[in-house]
Each structure stands twice: as C-alpha cells, then as structure tokens.
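**Q** Please read through the structure below; I'll follow up with questions.
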Amino acid sequence: MIVSHDVDGPADGPVVVLLHSSVADRRMWEPQWQPLIEAGFRVARPDFRTCGDSPAGTAPYSDAGDVLDLLDHLGAQRAALVGSSYGGRIALQIAALHPERVSSLLLLCPARPGHEPSAELRKFGAAEDVFLDAGDLAGAAEFNARTWLGPDADADAHALVRAMQLQNFEIALAVTESHELPEPEVDPAAITAPTLVVGGAHDLLDFRDIAAGLPSLIPGAEGLELPWAGHFPSLERPAETTRLMLEFLARA
C-alpha cells in the first residue's frame with residue numbers, strides 16, 4: 006500500500022520529502038509547499054498511517070518502509086528528507102539504515118529512536134491520558150496545541166494543530182489491532198547525508214537535548230537553535246522556516 010500523499014513540482018527536479026509530526030498530518034507543511042515547488046524541487050508530503058488520509062495498517066508495516074515505498078513509487082533513487090518531530094525520527098531511521106537513499110537531511114525539533122523520556126515528557130503524557138481516559142478528545146487536542154506550539158504561533162496555527170491532532174486521535178483510538186513492526190536500532194554515525202538539526206529554545210527539554218546532541222553523533226552535521234521557536238517552527242514562523250529550509254537544501 007502507498008500511503009496517502011501529495012506530490013508536485015518539475016518531474017526532473019530534486020526530490021524533497023516532508024515528514025510530519027505524529028501530532029499533525031501533511032497539512033502542517035502547507036506554508037512550505039508552494040515555495041519549495043517554485044524553487045524547482047519535486048516535493049512529496051505523505052501522511053503516516055492513522056494520520057490525515059492514511060488509514061491504519063492491516064498488514065505488517067513500518068513508517069520508514071512506507072516512505073521508502075513512496076520513493077520507489079515516485080521513481081526516486083534519492084531524496085532530501087525534512088522531518089518534524091516524529092517525522093524527524095523516521096528520517097533518522099532511513100538516513101542511517103539506507104544512506105544511499107538520502108541526499109540531505111533536515112531535522113526540525115526531531116524525536117530520536119531509543120530516547121528515554123524525561124520526567125517532563127512523562128508528566129505531559131500523564132496529563133494527556135487524563136483527557137483521553139475521560140473521552141475528551143477535543144480537550145486533549147487543545148492541550149497538545151498549547152504544549153507544542155511556541156509563543157509566536159498565531160490563532161490559525163493553533164486551530165490547525167488542534168484539528169490535525171483531533172483527527173489523529175479519532176483514527177488511532179478506533180484501531181483494535183496494531184500491525185506496526187518493532188523499531189530497529191539506529192546508529193546516527195552511519196548517516197552520510199549533509200545534515201542540519203534544528204531545535205527550539207521554547208521546546209520541551211527532551212527535544213532541546215536531542216537537537217543539541219545529535220550533531221555530535223552524525224558525521225559533519227550542523228546544529229542550530231532558534232531562540233523564538235517551540236516545537237513546530239514551520240507553523241510558528243512559516244516564512245522564516247521556509248527560508249531556512251530553502252537555504253539548506255540549496256547548499257546541501
């Protein structure tokens with residue numbers, strides 16, 4: 006199965022794949038979509054399973070495998086991967102386990118395979134569970150939007166994150182049997198693609214630490230902390246994040 010996705014841009018353009026957070030779906034990349042296409046890239050943005058328009062899996066699958074299947078479907082041997090949060094975690098997996106498929110790697114406030122959650126992140130999870138156990142999916146979605154969006158996010162960004170997260174909750178909670186394969190071990194030192202890891206100064210501690218630590222583990226990687234950003238810089242200051250993405254992709 007090829008997951009639901011959009012693709013546009015010149016057929017012979019360098020391929021860029023935008024991988025969304027688990028809080029979101031491919032709509033989170035709307036501010037970056039057209040500028041990347043206008044810059045000459047062939048841009049794809051998939052929905053992971055149980056997110057957006059992609060249904061739950063009915064046979065064994067992995068999100069990384071779904072992205073590789075999408076690349077094959079597009080006839081792309083290599084692509085630049087841009088991953089936000091959980092999308093960054095999947096991009097890390099692909100870049101480490103299949104380095105020949107990744108031309109460059111841009112990670113925005115990424116999660117990391119094998120990361121042990123801090124007390125702060127466990128506290129967030131427990132508070133989210135209170136809403137979910139009470140059946141208050143709208144309250145849980147609002148709580149996520151407040152937690153993950155930084156101080157520069159406007160009302161439209163909050164509304165979009167609430168809507169995306171609410172839909173993801175509704176789909177995921179209807180799943181009675183998971184077919185997701187176990188996550189493989191990943192060594193960031195195996196990544197060969199030019200890499201930029203971006204963190205947000207207003208993000209939760211776990212993601213600030215991941216963003217600060219990854220550049221020392223990935224050969225030749227660069228790190229950047231945005232002093233204004235929370236967890237979703239692409240939605241908080243979309244124009245500024247788009248410029249950052251275009252500049253990195255052009256030189257990488």
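Numbering-wise, the working numbering puts 175 at position 170 of the sequence shown, and it's gapless, one number per residue. Idealized CB from N, CA, C, for every residue including glycine.
For the beta strand (DSSP E) that contains G205, what are its first and last residues?
**A** On the sequence shown, residue 205 is found 200 positions in, with the first residue counted as 1. Where G205 is concerned, the enclosing beta strand (DSSP E) stretches over 200-205.
**Q** For the alpha helix (DSSP H) that contains V166, what are its first and last residues?
**A** Against the sequence shown, residue 166 aligns to sequence position 161. Element bounds for V166: 160-178.
**Q** Within 10 angstroms of the Cβ of D138, are there 16 or more other Cβ atoms? Answer buried if so, exposed if not.
**A** Start at 1 with the first residue of the sequence shown, and residue 138 comes out as number 133. With fewer than 16 other Cβ atoms within 10 Å, it is exposed.
**Q** Taking C-beta to C-beta, are V260 and L154 nearer than 8 Å?
**A** There is no way to answer for residue 260, as the model of the chain reaches only from 6 to 257.
**Q** Using C-beta distances below 8 Å, list every residue in its chain close to P220, excluding the 5 sequence neighbours before and after it, in chain order.
**A** Position 215 of the sequence shown, counted from the start, is the residue given in the question as residue 220. Excluding positions up to five away in sequence, the list reads T200, V202, A226, E227, G228.
**Q** Please classify R151: does DSSP put it in a helix, a strand, or coil?
**A** The residue given as residue 151 occupies position 146 in the sequence shown. In the structure shown, R151 sits in a helix (DSSP, three-state: H, G or I).
**Q** Over what stretch of residues does the alpha helix (DSSP H) that includes A124 continue unbroken?
**A** Start at 1 with the first residue of the sequence shown, and residue 124 comes out as number 119. Counting along the chain, the alpha helix (DSSP H) containing A124 begins and ends at 124-138.
**Q** Taking DSSP's pairing of strands, which residues face L112 in a bridge?
**A** Residue 112 sits at position 107 when you count from the first residue of the sequence shown. The partner list for L112 (beta bridge, DSSP) reads G88, V202.
**Q** The alpha helix (DSSP H) that contains R260, what's its start and end?
**A** Residue 260 is absent from the structure shown; the chain starts at 6 and stops at 257.
**Q** State yes or no: is the beta carbon of A81 nearer than 8 Å to at least one beta carbon in chain B?
**A** Here there is only one protein chain, and chain B is not present.
**Q** For A81, which of helix, strand or coil comes out of DSSP?
**A** Here the question's residue 81 lines up with position 76 in the sequence shown. The answer is coil: DSSP assigns A81 none of H, G, I, E or B.
**Q** Are the segment 95-111 and the segment 211-218 in contact at 8 Å, needing three or more beta carbon pairs?
**A** No, the segment 95-111 does not touch the segment 211-218.
**Q** Exposed or buried, what is G140 when buried is set at 16 or more other beta-carbons lying within 10 Å of its beta-carbon?
**A** By 1-based counting over the sequence shown, the position of residue 140 is 135. The residue is exposed, with fewer than 16 neighbouring Cβ atoms inside 10 Å.
**Q** Please report the Cβ distance between A116 and P19, rounded to the nearest whole angstrom; I am assuming they are in contact, meaning their Cβ atoms lie under 8 Å.
**A** Residue numbering aside, residue 116 sits at position 111 when the sequence shown is read from its first letter. Residue numbering aside, residue 19 sits at position 14 when the sequence shown is read from its first letter. With 8 Å as the limit, A116 and P19 do not qualify as a contact, their Cβ atoms being about 26 Å apart.
**Q** Ends of the alpha helix (DSSP H) at G218?
**A** On the sequence shown, residue 218 is found 213 positions in, with the first residue counted as 1. Element bounds for G218: 210-218.
**Q** Using DSSP's beta-bridge definition, name the partner residues of V48.
**A** The count along the sequence shown starts at 1 and reaches residue 48 at position 43. V48 pairs with D13, V21.
**Q** Can you tell which of L240, Q39, Y91, E230 has the C-alpha that lies nearest to the C-alpha of D68?
**A** Position 63 of the sequence shown holds residue 68. Ranking L240, Q39, Y91, E230 by Cα distance to D68 puts Y91 first.
**Q** Thinking C-beta only, is D192 closer than 8 Å to G235?
**A** Your numbering for residue 235 matches position 230 in the sequence shown. Your numbering for residue 192 matches position 187 in the sequence shown. No, these two residues do not count as a Cβ contact at 8 Å.
**Q** Assign L186 to one of three DSSP states: helix, strand, or coil.
**A** Taking the sequence shown and counting its residues from 1, one reaches residue 186 at position 181. Residue state, collapsed to three classes: coil.
**Q** Would you mind reading off the limits of the beta strand (DSSP E) that contains E230?
**A** Your numbering for residue 230 matches position 225 in the sequence shown. Looking at the DSSP string, the run of the beta strand (DSSP E) that includes E230 is 227-231.
**Q** Along the chain, where does the alpha helix (DSSP H) that runs through E121 open and close?
**A** The sequence position of residue 121 within the sequence shown is 116, counting from 1. Unbroken run through E121: none, as it is neither H nor E.
**Q** By Cβ distance below 7 Å, which residues in the same chain neighbour P118 in space, the five residues on each side in sequence not counted?
**A** Numbered from 1 along the sequence shown, position 113 holds the residue referred to as residue 118. Closer than 7 Å at the Cβ level, and outside the excluded window around P118, lie R94, L97, Q98, E188, V191.
**Q** Evaluate Q170 with the Cβ neighbour count: other Cβ atoms within 10 Å of its Cβ, from every protein chain shown; 16 or more gives buried, anything less gives exposed.
**A** Counting from one through the sequence shown, the residue named residue 170 turns up at place 165. The residue in question, Q170, is buried, as its Cβ has 16 or more Cβ neighbours within 10 Å.
**Q** Determine the contact status of C114 and G45, defining contact as a CB-CB distance below 8 Å.
**A** As a first step, residue 114 is located in the sequence shown; it is residue number 109 there, counting from the start. As a first step, residue 45 is located in the sequence shown; it is residue number 40 there, counting from the start. Contact flag unset, no.
**Q** I'd like the span of the alpha helix (DSSP H) that includes W38, first residue to last.
**A** Here the question's residue 38 lines up with position 33 in the sequence shown. Per DSSP, W38 belongs to the alpha helix (DSSP H) from 35-43.
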